[in-house]
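Be aware that the sequence shown starts at 276, since it is given in the numbering used here, and climbs by one per residue.
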Amino acid sequence: MAQGSIKKENNSWYYVFGYSDPFTGKRKQKKKRGFKTKKEAQAALTKALNQLNEGTYVEPSKMTLNNFLDIWIENKKRTVKVNTLQKYHYILKNHIRPFLGQMPIANIKPLNISQLYSVLHEKGRSNATIQDTHTVLVNIFNEAVKLQVVIQNIVVAVSKPKHKPKEMNIWHQEQVQQFLKTATDTSFELIYVLALNTGMRQGELLGLLWDDIDFEKKVIKVRHTIIAGSKEIQESTKTASSRRVIELSDTVVHLLKKHKTKQAEQRLKLGTGYQNMNLVNASLVGTPINPKNLRRNFYNLIKKASVPQIRFHDLRHTHASLMLQLGVNVKVISERLGHASTKITLDRYSHSLPTMQKEATTVFDNYIYATQN
Numbered sequence: 276m277a278q279g280s281i282k283k284e285n286n287s288w289y290y291v292f293g294y295s296d297p298f299t300g301k302r303k304q305k306k307k308r309g310f311k312t313k314k315e316a317q318a319a320l321t322k323a324l325n326q327l328n329e330g331t332y333v334e335p336s337k338m339t340l341n342n343f344l345d346i347w348i349e350n351k352k353r354t355v356k357v358n359t360l361q362k363y364h365y366i367l368k369n370h371i372r373p374f375l376g377q378m379p380i381a382n383i384k385p386l387n388i389s390q391l392y393s394v395l396h397e398k399g400r401s402n403a404t405i406q407d408t409h410t411v412l413v414n415i416f417n418e419a420v421k422l423q424v425v426i427q428n429i430v431v432a433v434s435k436p437k438h439k440p441k442e443m444n445i446w447h448q449e450q451v452q453q454f455l456k457t458a459t460d461t462s463f464e465l466i467y468v469l470a471l472n473t474g475m476r477q478g479e480l481l482g483l484l485w486d487d488i489d490f491e492k493k494v495i496k497v498r499h500t501i502i503a504g505s506k507e508i509q510e511s512t513k514t515a516s517s518r519r520v521i522e523l524s525d526t527v528v529h530l531l532k533k534h535k536t537k538q539a540e541q542r543l544k545l546g547t548g549y550q551n552m553n554l555v556n557a558s559l560v561g562t563p564i565n566p567k568n569l570r571r572n573f574y575n576l577i578k579k580a581s582v583p584q585i586r587f588h589d590l591r592h593t594h595a596s597l598m599l600q601l602g603v604n605v606k607v608i609s610e611r612l613g614h615a616s617t618k619i620t621l622d623r624y625s626h627s628l629p630t631m632q633k634e635a636t637t638v639f640d641n642y643i644y645a646t647q648n
């Protein structure tokens, strides 16, 4: 059991004790000065020794949060999937390191965490993004406690931001037609057609490979994606949400074949200047499309088409809502979207149900009372 001693220095008291560094295993000495009385020094020493003997003592070090994040992310490489790791890197780089990275990890207080969330909110980050940041910070400080870098997880003292889903905006039939007409023969026409006809996510569309398309069976096998903030094509994890098969109409298949021919001509034109990554939706030189360029083009076309402004992700919502309104079986829609259950689909697109109920009531009434009319 560790022991220490109390000594007087000029007009104040201090304590000193030795302990083993949890990282290096080397012996270190802890000395703390500034106590007015011997009794105060003794009480502080007793508390420190109790923590040391219980395994909860941590030497307040100069290790910054950035230093620890390097250790944390390195450990995560062995335990999480690639796309999860990419998400961690993105959150650290864009949300945590800029605000807290330079602070000594032992000095970070719940107030600092709360201030971080306020800054993210002021910058227009969504509640979902702030929630993700909170979850990662809890994970980080849990690990810091296990490695005895800090005594307690201060993040859990901060209320988890409430998740407020972004308002879902969709287009009706005429607006979809007007937008697609305006997008005809433009750079990203195929992306918009696929988004509205399949409900695929932006990352899935940008990571789509030609090998993922079966022209004979007229289907897309959703097997790849590009994570936000990354230019790397990642193989999707084996979940209903990521690995699914979506049937295509003849119109979409025709457009895909036309696009493939044009892409082959561009590749031939540039020769070695074309980086063939087998992407369906690629830049003019074959590389992944920059989401910022896609977003800029999307909003320009919306303005040109004179349709209500929506987010790119709302194209997925539009696909699902219109299919529900058309009476397509909810199980089919759920499979196309990659939802784990039809309950998720119905909960998310319940706004379409009132109209469907009215139509169903009319159809049923005409069926039952057909002979009486």
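Positions of the beta carbon are idealized from the N, C-alpha and C atoms, including for glycine.
When the options are compared against residue i, the one with the closest alpha-carbon
{"i": "Ser295", "options": "Lys303, Tyr289 and Trp288", "result": "Lys303"}
{"i": "Pro379", "options": "Asn341, Ile585 and Leu395", "result": "Asn341"}
{"i": "Tyr624", "options": "Ala419, Glu442 and Lys282", "result": "Glu442"}
{"i": "Ile429", "options": "Asn286, Thr321 and Ser389", "result": "Ser389"}
{"i": "Glu315", "options": "Tyr289, Leu327, Lys305 and Gln326", "result": "Tyr289"}
{"i": "Leu471", "options": "Gln509, Glu610, Val451 and His370", "result": "Val451"}
{"i": "Phe343", "options": "Leu395, Gly399 and Leu412", "result": "Leu412"}
{"i": "Ala595", "options": "Val355, Lys421 and His447", "result": "His447"}
{"i": "Pro373", "options": "Thr354, Val357, Ala432 and Leu395", "result": "Leu395"}
{"i": "Ile366", "options": "Ile348, Lys618, Val291 and Gly293", "result": "Ile348"}
Coarse secondary structure for residue i, derived from DSSP in three states
{"i": "Ser434", "result": "coil"}
{"i": "Ser517", "result": "Confidence is the limiting factor: at Ser517 the pLDDT is only 48, short of 50, which leaves the residue's position unreliable, though a coordinate-based value still follows. Looking at Ser517 - three-state DSSP - the assignment turns out to be coil, as it is neither helix nor strand."}
{"i": "Leu484", "result": "strand"}
{"i": "Leu554", "result": "strand"}
{"i": "Trp288", "result": "strand"}
{"i": "Phe310", "result": "strand"}
{"i": "Arg623", "result": "helix"}
{"i": "Val413", "result": "helix"}
{"i": "Lys493", "result": "coil"}
{"i": "Gln377", "result": "coil"}
{"i": "Ser280", "result": "strand"}
{"i": "Thr354", "result": "coil"}
Burial state of residue i (16 or more Cβ within 10 Å)
{"i": "Ala515", "result": "Low local confidence applies: a pLDDT of 43 at Ala515 is under 50, so the model's placement there is unreliable, with the coordinate-based value given in what follows. Per the 10 Å Cβ criterion, exposed."}
{"i": "Pro436", "result": "buried"}
{"i": "Ala323", "result": "buried"}
{"i": "Ser524", "result": "exposed"}
{"i": "Arg476", "result": "buried"}
{"i": "Ile643", "result": "exposed"}
{"i": "Ala539", "result": "exposed"}
{"i": "Gly399", "result": "exposed"}
{"i": "Phe573", "result": "buried"}
{"i": "Asp489", "result": "exposed"}
{"i": "Val638", "result": "exposed"}
Contact set for residue i: own chain, Cβ-Cβ below 6 Å, skip 5 residues either direction
{"i": "Met598", "result": "Ile608"}
{"i": "Val497", "result": "Glu479 and Arg519"}
{"i": "Ser558", "result": "Ile564"}
{"i": "Asn285", "result": "none"}
{"i": "Thr473", "result": "Ile521"}
{"i": "Lys506", "result": "Pro563"}
{"i": "Ser517", "result": "At Ser517 the pLDDT is 48, less than 50, meaning the model places this residue with poor confidence; the figure from the coordinates comes in the next sentence. Once the five neighbours on either side are set aside, the close Cβ partners of Ser517 are Ser511."}
{"i": "Glu418", "result": "Trp347"}
Distance between beta carbons of residue j and residue i, contact taken as under 8 Å
{"i": "Glu464", "j": "Ala458", "result": "5 Å"}
{"i": "Lys535", "j": "Trp485", "result": "7 Å"}
{"i": "Thr339", "j": "Gly376", "result": "7 Å"}
{"i": "Ile501", "j": "Gly482", "result": "4 Å"}
{"i": "Gly561", "j": "Arg542", "result": "7 Å"}
{"i": "Leu360", "j": "Lys368", "result": "Actually they do not touch by this definition, with Cβ atoms about 12 Å apart."}
Chain-order list of residues whose beta-carbon lies under 7 Å from that of residue i (same chain, five-residue window excluded)
{"i": "Lys513", "result": "Confidence at Lys513 is low in this model, with a pLDDT of 47, below 50, so its placement is unreliable and no value can be given for it."}
{"i": "Gln317", "result": "Ile281"}
{"i": "Lys384", "result": "Ile429"}
{"i": "Ala319", "result": "Tyr290, Lys307 and Phe310"}
Any chain B beta carbon closer than 8 Å to residue i
{"i": "Gly482", "result": "Absent from the structure: chain B. Only one protein chain is present."}
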